[in-house]
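Residue numbers (our numbering): 4 to 199.
As structure tokens, then:
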């Protein structure tokens, strides 16, 4: 029988993790209700039942706080693309299935916050730029094309837009439709000779 080697968090680490999540939840709820600009660190601290100084210990700025959950999401996608086995779109599909298998209410709260704050949506789009570059290189490599070429960039950007369109509650049928769209589009474009 295999032994679980997952490190067990101590009481202090669990307490810190709970406090950090309470701050995030309070911030995202307030950003969704009042707006990012109208919400102060003091407001967040009050709802999270911590001191404003504690909020700043965990998050240096409101923007860091607002982008924390989305950045982790983007990091997981970037890792899935860099460590992919098989084709890029297969890696994206596996990643999407893993994401919905581990969704929490914080994912939905993040989506609500972003919907209510276009300025934060723009910041998230900028955050995705690095992941799009990783996807562009992966697709270019598979097709034997230049990573600066139009087709790899277009496919990577389309994949990012599709992932974003899946929204807060992607279901299996939505993922199947998204992947059919991406695969169909990619297969309709023949490799560009001499572009590598």
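For each residue, glycine too, the CB sits at the ideal point set by N, CA and C.
Beta-carbon proximity check, residue i vs residue j, cutoff 9 Å
i           : j           : result
residue 96  : residue 157 : no
residue 28  : residue 84  : no
residue 134 : residue 77  : yes
residue 120 : residue 69  : yes
residue 26  : residue 61  : yes
residue 115 : residue 31  : yes
residue 66  : residue 126 : yes
residue 192 : residue 137 : no
residue 165 : residue 184 : yes
residue 73  : residue 113 : yes
Residue i (DSSP reduced to helix, strand or coil)
i           : result
residue 53  : coil
residue 9   : With a pLDDT of 49 at residue 9, under the threshold of 50, the modelled position of that residue is not reliable, and no figure is offered here.
residue 190 : helix
residue 62  : coil
residue 195 : coil
residue 104 : helix
residue 41  : coil
residue 174 : coil
residue 79  : helix
residue 88  : coil
Rounded distance between the beta-carbons of residue j and residue i, thought under 8 Å
i           : j           : result
residue 39  : residue 122 : 6 Å
residue 117 : residue 124 : 5 Å
residue 47  : residue 91  : Incorrect: roughly 38 Å between the Cβ atoms, too far for contact.
residue 189 : residue 177 : In fact, because the Cβ distance is near 19 Å, the residues do not count as touching under 8 Å.
Limits of the alpha helix (DSSP H) - the one that residue i falls within
i          : result
residue 21 : 14-37
message: Quick check on the DSSP output: what are the complete alpha helix (DSSP H) runs of length 4 or more inside the segment 116-169, in order along the chain?
response: Within the segment 116-169, the complete alpha helix (DSSP H) runs of at least 4 residues are 121-146, 153-168.
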